[in-house]
Amino acid sequence: MSNTKYILGSFADPDELMSGIDKLQANNISIYDCFTPMPIHGIEAKLGVKPSRLPIAAFCFGALGTILGFSLLYYTMAHDWPINIGGKPSLALPNFVPVTFEITILLCALGMVATFFFRNHLFPGRAPRVMDIRATDDRFILAVDARENTNHELVESLLKEAGAVEVKYNERKYISYE
Amino acid sequence: MGTHNHHHDYNFTEKFQFTGIAKILSIVGVAVGVIAIVIGLMSSDHIMVERTYANLLLMGYYFTCVCAAGTFFVALQLVTQSGWSAGLLRIPQAMSSMLPVASLILLVIVGLGLVTNNLYGHWNSEGLMDPNSPNYDSLVAGKEAFLNVPGFLIRQILFMGTYSIFAFVLAKLSYKEDLEGGLNSYKKSFKLAAIFLVIFGFTQPIWSFDTVMSLEAHWFSTMFGWYNFAAMWVCGLATIIIILILVKKAGYMAWVNENHLHDLGKLLFGFSIFWTYVWFSQFILIYYANIPEETVYFYKRWEPEYKPWFWLNILINFLAPLLLLVDRDAKRKQSLMLFVAILLLCGHWLDYYIMIMPGTVETERGFGFVEIGTAIGFVGLFTFLVMSKFSKHAIAPKHQPFMEESLHHEI
Chain E
219 MSNTKYILGS FADPDELMSG IDKLQANNIS IYDCFTPMPI HGIEAKLGVK
269 PSRLPIAAFC FGALGTILGF SLLYYTMAHD WPINIGGKPS LALPNFVPVT
319 FEITILLCAL GMVATFFFRN HLFPGRAPRV MDIRATDDRF ILAVDARENT
369 NHELVESLLK EAGAVEVKYN ERKYISYE
Chain R
64 MGTHNHHHDY NFTEKFQFTG IAKILSIVGV AVGVIAIVIG LMSSDHIMVE
114 RTYANLLLMG YYFTCVCAAG TFFVALQLVT QSGWSAGLLR IPQAMSSMLP
164 VASLILLVIV GLGLVTNNLY GHWNSEGLMD PNSPNYDSLV AGKEAFLNVP
214 GFLIRQILFM GTYSIFAFVL AKLSYKEDLE GGLNSYKKSF KLAAIFLVIF
264 GFTQPIWSFD TVMSLEAHWF STMFGWYNFA AMWVCGLATI IIILILVKKA
314 GYMAWVNENH LHDLGKLLFG FSIFWTYVWF SQFILIYYAN IPEETVYFYK
364 RWEPEYKPWF WLNILINFLA PLLLLVDRDA KRKQSLMLFV AILLLCGHWL
414 DYYIMIMPGT VETERGFGFV EIGTAIGFVG LFTFLVMSKF SKHAIAPKHQ
464 PFMEESLHHE I
């Protein structure tokens with residue numbers, strides 16, 4: 219039993235990566251993930267990636283912002299210290315729109331960034347986890363879970379056949395490059 | 064990327080067949096409109112005549128705005144070198160090609176309205192500018208340098224004439240490209256489009272000040288031009304979407320798919336929000352400052368006969384697209400997009416109604432055969448003219464340099 223955790227196919231061309239996905243899928247080999255230096259059209263559909271749930275987080279943070287913004291205005295303008303401005307009621311709703319809107323947008327944006335960072339293990343000062351450093355540069359990486367797919371020779375030959383320039387057997391999931 | 068080597072067998076030179084029920088209905092629409100307008104103008108009731116003029120102005124302005132939005136769409140795609148839209152460019156181009164006709168109709172309407180005193184009476188009545196007259200109005204007199212009949216007519220002719228020339232030349236260059244290929248037409252169009260956008264950006268607000276805002280000459284808002292631009296752009300996009308979906312349903316333009324519709328949907332959604340933003344910006348400043356010379360505009364619109372419609376305007380033009388189009392998949396569904404686009408066209412009719420009626424017929428407003436008939440007439444005329452033009456040329460600009468990109472558009 220080898221200690222290989224992941225088999226990585228390293229491609230130099232996105233079209234070859236796509237054909238690699240097709241070949242593996244045709245042989246019922248499950249794909250763990252793909253890492254590419256640029257977006258590739260149609261790859262999500264091919265891999266069956268589910269739509270991001272980030273919009274749900276965005277909605278929740280936005281709703282929180284609306285409530286906080288409105289509460290702030292209600293408390294200061296209408297409840298704690300009502301002031302007569304131009305003869306209008308202290309709870310003059312149109313006046314509340316800009317601030318409520320801005321706080322909604324602020325919390326929505328900051329919350330979305332925070333959620334994205336949290337979900338992707340990205341924090342300032344923290345070393346990002348990557349499976350192959352060249353996926354951030356010039357290589358298109360296709361990762362296969364070696365424990366789930368035990369026929370490693372078949373995986374390697376399919377990857378090579380599709381045009382992989384390099385096939386790696388990694389014993390650790392993420393590389394460390396600090 | 065896998066689509067790189069995919070060969071298509073689309074027929075870009077095919078022509079749309081504008082026949083059958085669509086053509087008959089559009090002609091019937093024009094007939095209904097003509098009857099309604101003639102009855103309205105022949106009426107012995109002065110208010111009815113004025114109401115007919117106000118409706119003519121409303122629909123004439125609406126018609127011109129939608130056609131101008133077509134020109135703006137074409138110019139914008141050229142200047143931003145957008146590829147996605149190349150396959151459907153002939154639709155806004157057909158709208159744009161009818162801008163000269165629409166401009167002429169609007170010019171006749173405002174000209175007649177001015178002469179017969181049925182429109183623009185707020186600044187074009189006897190003695191308004193004469194200090195010795197009992198009708199003297201110092202506020203309007205102070206605006207004489209801008210609000211005078213020759214200046215008004217010259218600006219109308221100059222602005223709409225310039226837009227029309229650009230619309231005509233841009234369409235002509237595109238048809239020339241079909242025959243000759245190469246990049247000559249594209250390069251020329253690019254330059255013309257850039258010049259057009261600068262001219263349009265600076266003059267369109269003034270054009271809307273003249274045509275609509277001057278109906279209530281005491282009041283002014285620097286936001287009004289942007290507000291009208293946003294309305295125009297939303298109407299133009301909604302019209303493009305409707306034509307596109309109906310043309311697709313008739314079995315044409317197989318290369319335009321849900322990805323292109325999604326992009327149009329994003330524009331429609333985004334600019335509906337933008338319309339709200341400008342509408343609200345204009346409203347909030349006046350509400351907040353509460354200065355009588357400014358609030359008079361909204362005071363009139365908060366009278367009982369307008370107030371429900373005033374709020375319905377926001378409901379249709381803001382809340383409906385916000386809730387219906389916010390979802391990604393919603394923008395990719397033909398039936399839903401068709402519904403929202405039609406709803407927004409109705410909503411912006413109401414928007415123009417609320418801009419125009421309180422300044423013209425004031426409390427004598429109505430919603431009857433004149434309003435409905437005029438609207439049907441102009442929709443029929445628009446459909447007849449634009450679809451006839453659309454059916455005269457190849458359905459897509461096959462030599463457009465971004466055509467290939469448009470075919471592979473995916474979002």
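Protein sequence lines correspond, in order, to chains E and R.
Start counting the first sequence at 219; every next residue gets the next number (the numbering used here).
Start counting the second sequence at 64; every next residue gets the next number (the numbering used here).
Positions of the beta carbon are idealized from the N, C-alpha and C atoms, including for glycine.
Which of helix, strand or coil DSSP assigns to residue i
i, result
"residue 387(E)", "strand"
"residue 469(R)", "helix"
"residue 324(E)", "helix"
"residue 72(R)", "coil"
"residue 64(R)", "Interpretation of residue 64(R) is limited by its pLDDT of 41, a score under 50 that renders its predicted location unreliable; the figure taken from the coordinates is listed afterwards. Coil."
"residue 370(R)", "helix"
"residue 217(R)", "helix"
"residue 200(R)", "coil"
"residue 78(R)", "strand"
"residue 459(R)", "coil"
"residue 281(E)", "helix"
"residue 232(R)", "helix"
"residue 288(R)", "helix"
"residue 363(E)", "strand"
"residue 221(E)", "coil"
"residue 306(E)", "strand"
"residue 359(R)", "helix"
"residue 107(R)", "coil"
Among the options, the one whose alpha carbon lies nearest that of residue i
i, options, result
"residue 331(R)", "101(R), 173(R), 136(R), 115(R)", "136(R)"
"residue 267(R)", "245(R), 301(R), 224(R)", "224(R)"
"residue 141(R)", "454(R), 155(R), 130(R)", "155(R)"
"residue 363(R)", "77(R), 428(R), 342(R)", "428(R)"
"residue 220(R)", "236(R), 174(R), 410(R)", "174(R)"
"residue 368(R)", "213(R), 402(R), 420(R)", "420(R)"
"residue 230(R)", "163(R), 170(R), 289(R), 399(R)", "163(R)"
"residue 263(R)", "459(R), 131(R), 338(R), 238(R)", "131(R)"
"residue 234(R)", "96(R), 73(R), 159(R)", "159(R)"
"residue 253(R)", "399(R), 227(R), 143(R), 349(R)", "143(R)"
"residue 250(E)", "360(E), 380(E), 273(E), 390(E)", "360(E)"
"residue 283(R)", "166(R), 379(R), 167(R), 355(R)", "355(R)"
"residue 114(R)", "453(R), 467(R), 338(R), 436(R)", "436(R)"
Proximal chain E residues relative to residue i, where beta-carbon distance stays under 8 Å
i, result
"residue 353(R)", "304, 305, 306"
"residue 336(R)", "Going along chain E, no residue has its Cβ under 8 Å from residue 336(R), so there is no contact; the nearest lies around 11 Å."
"residue 332(R)", "Near residue 332(R) there are no residues of chain E at all, since even the closest Cβ is about 14 Å away, more than 8 Å."
Close-in-space but distant-in-sequence residues of the same chain around residue i (CB under 7 Å, 5 per side omitted)
i, result
"residue 324(E)", "283"
"residue 322(R)", "472, 473, 474"
"residue 458(R)", "75, 77, 78, 79, 153, 315, 316"
"residue 293(R)", "334, 337, 338, 341"
Chain E residues whose Cβ lies nearer than 7 Å to that of residue i
i, result
"residue 350(R)", "312"
"residue 361(R)", "Under the 7 Å cutoff, chain E gives no residues; its nearest Cβ is about 11 Å from residue 361(R)."
"residue 81(R)", "What residue 81(R) touches in chain E: nothing, since even the nearest Cβ is about 35 Å away."
Residues that residue i contacts on chain E, provided the C-beta gap is smaller than 9 Å
i, result
"residue 347(R)", "312, 313, 315, 316"
"residue 231(R)", "The contacting residues do not exist; residue 231(R) stays about 37 Å from chain E at best."
"residue 373(R)", "Within chain E, no residue comes near residue 373(R); the closest Cβ sits about 13 Å away, beyond 9 Å."
Contact set for residue i: own chain, Cβ-Cβ below 6 Å, skip 5 residues either direction
i, result
"residue 281(R)", "202"
"residue 168(R)", "123"
Beta-carbon proximity list for residue i, same chain, < 8 Å, skipping 5 on both sides
i, result
"residue 90(R)", "443, 447"
"residue 185(R)", "203, 277, 278, 279, 280, 281, 422"
"residue 308(E)", "295, 296, 300, 301, 302"
Beta-carbon proximity check, residue i vs residue j, cutoff 8 Å
i, j, result
"residue 350(E)", "residue 255(E)", "no"
"residue 151(R)", "residue 246(R)", "no"
"residue 129(R)", "residue 465(R)", "no"
"residue 260(R)", "residue 139(R)", "yes"
"residue 346(R)", "residue 334(R)", "no"
"residue 395(R)", "residue 470(R)", "no"
"residue 408(R)", "residue 298(R)", "yes"
"residue 81(R)", "residue 450(R)", "yes"
"residue 93(R)", "residue 440(R)", "yes"
"residue 374(E)", "residue 248(E)", "no"
"residue 103(R)", "residue 433(R)", "yes"
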